[in-house]
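*Asks:* This structure is in structure tokens; I'll ask about it shortly.
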Amino acid sequence: MKRTTLILILLALGLGGFVYFHEIRGSTQREEVKKNQQQIFSFSADDVQSLSVKTKDTTLNLERSGKPEPPKWVIKSPISEPANDAIISYLMDLLVKGKSEKTVSTPPNQLSEFGLDQPQATIDIQLKNQQNHKLILGKPNFNNSFLYAQVDPNDTNNGNNQENTQVLLVSKDFANAVNRELSEWKEAGKEAGENSQSQPLPGLPEPTPTNGQ
1 MKRTTLILIL
11 LALGLGGFVY
21 FHEIRGSTQR
31 EEVKKNQQQI
41 FSFSADDVQS
51 LSVKTKDTTL
61 NLERSGKPEP
71 PKWVIKSPIS
81 EPANDAIISY
91 LMDLLVKGKS
101 EKTVSTPPNQ
111 LSEFGLDQPQ
121 ATIDIQLKNQ
131 QNHKLILGKP
141 NFNNSFLYAQ
151 VDPNDTNNGN
161 NQENTQVLLV
171 SKDFANAVNR
181 ELSEWKEAGK
191 EAGENSQSQP
201 LPGLPEPTPT
211 NGQ
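So the sequence shown is residues 1 to 213, counted in the numbering used here.
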């Protein structure tokens, strides 16, 4: 066999190996990653009637106003005021479009390892069809890139505490969406407007006397 022919065969084999590992194996791995990225919830934003956000500091109850004009959401407790639609939309977008990066099956007595025995936040969702869902947010994972979470724990365990429960890895944006001051949940500009109304206008200065008067 000529040396040139041998070189061409080796090059062809090398190219074939590259295509196999990059395209075929790579495609398989990408498909596996896609399969691991499961949708957290299957409802749409319009399906949601009310939300309850419980953090270590407070419990916030929100309800859809039912009016076509903004604000589309109102705070029911701990105060009764129009809500900040942009803040609610940010949280709603995460609930509707959010995906879990990975799911781990673990015994219920090990939930403390994921911060789910004393969660940083719990989100209760009530749909217009009276169905209820729950998202429990635990602590960050080992490299602080995701949060451990639990979805609809009662449905997952079917009331059996001996069965393993599913722990998900979800975006850290959930923590940013719920860990807010109460003032941030209020309708934008409302608090500033109230303050300006409650403060009296400053008195006008006396005119400066001129010569000859």
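Quick reminder that beta carbons are idealized off the backbone N, C-alpha and C, glycines included. Model, not experiment: these values are computed from the prediction.
Using 10 angstroms around the beta-carbon of glutamate 31, count the other beta-carbons present and answer buried if the total reaches 16, otherwise exposed.
*Replies:* As a working note, residue 31 is residue 31 in the sequence shown. Interpretation of glutamate 31 is limited by its pLDDT of 45, a score under 50 that renders its predicted location unreliable; the figure taken from the coordinates is listed afterwards. Exposed.
*Asks:* Exposed or buried, what is alanine 192 when buried is set at 16 or more other beta-carbons lying within 10 Å of its beta-carbon?
*Replies:* Taking the first residue of the sequence shown as position 1, residue 192 is located at position 192. Unreliable placement is indicated for alanine 192, whose pLDDT of 45 sits below 50; the coordinate value is still reported in the next sentence. So alanine 192 counts as exposed.
*Asks:* Output needed for tyrosine 90: all residues of its chain with C-beta closer than 7 Å, excluding positions within five of it in sequence on either side, in chain order.
*Replies:* Walking along the sequence shown from the start, residue 90 turns up at place 90. Only Ala177 meet the Cβ criterion.
*Asks:* Pop quiz: valine 96 and serine 52 are said to be a contact at Cβ under 8 Å. What is the actual Cβ separation, rounded to whole angstroms?
*Replies:* Position 96 of the sequence shown, counted from the start, is the residue given in the question as residue 96. Position 52 of the sequence shown, counted from the start, is the residue given in the question as residue 52. With a Cβ gap of about 17 Å, valine 96 and serine 52 do not count as contacting.
*Asks:* Quickly, what does DSSP pair proline 82 with across the bridge? List them, please.
*Replies:* Taking the sequence shown and counting its residues from 1, the one referred to as residue 82 is at position 82. For proline 82, which the question treats as bridged, DSSP gives the partners Val74.
*Asks:* Please classify proline 71 as buried or exposed, where buried requires at least 16 neighbouring CB atoms within 10 angstroms.
*Replies:* Along the sequence shown, one-based indexing puts residue 71 at 71. Buried: at least 16 other Cβ atoms inside 10 Å.
*Asks:* Buried or exposed: where does threonine 165 fall if 16 or more other Cβ atoms within 10 Å of its Cβ makes it buried?
*Replies:* Start at 1 with the first residue of the sequence shown, and residue 165 comes out as number 165. So threonine 165 ends up on the buried side.
*Asks:* In terms of residues, what are the limits of the beta strand (DSSP E) holding glutamate 63?
*Replies:* Here the question's residue 63 lines up with position 63 in the sequence shown. Start and end: 59-64.
*Asks:* Need the endpoints of the beta strand (DSSP E) that phenylalanine 146 sits in, please.
*Replies:* As a position in the sequence shown, residue 146 is number 146, starting the count at 1. 146-151 is the span of the beta strand (DSSP E), which, as asked, contains phenylalanine 146.
*Asks:* Buried or exposed: where does alanine 12 fall if 16 or more other Cβ atoms within 10 Å of its Cβ makes it buried?
*Replies:* Mapped onto the sequence shown, residue 12 falls at position 12. Its Cβ having fewer than 16 others within 10 Å, alanine 12 is exposed.
*Asks:* If I measure Cβ to Cβ from leucine 127 and keep anything under 8 Å in the same chain, skipping five residues before and after, which residues do I get?
*Replies:* Indexing the sequence shown from 1 puts residue 127 at position 127. Result list for leucine 127: Phe43, Asp47, Val48, Gln49, His133, in chain order.
*Asks:* Looking only at its own chain, which residues have a Cβ that is under 7 Å from the Cβ of glutamine 39, when we skip the five neighbours before and after it?
*Replies:* Taking the sequence shown and counting its residues from 1, the one referred to as residue 39 is at position 39. Excluding residues within five positions, the ones whose Cβ falls inside 7 Å are Lys99.
*Asks:* Identify, in the order they occur along the chain, each residue of the same chain with its Cβ nearer than 6 Å to the Cβ of proline 82, setting aside the five sequence neighbours on each side.
*Replies:* Locating residue 82 in the sequence shown gives position 82, where the first residue counts as 1. Excluding residues within five positions, the ones whose Cβ falls inside 6 Å are Pro71, Val74, Glu187.
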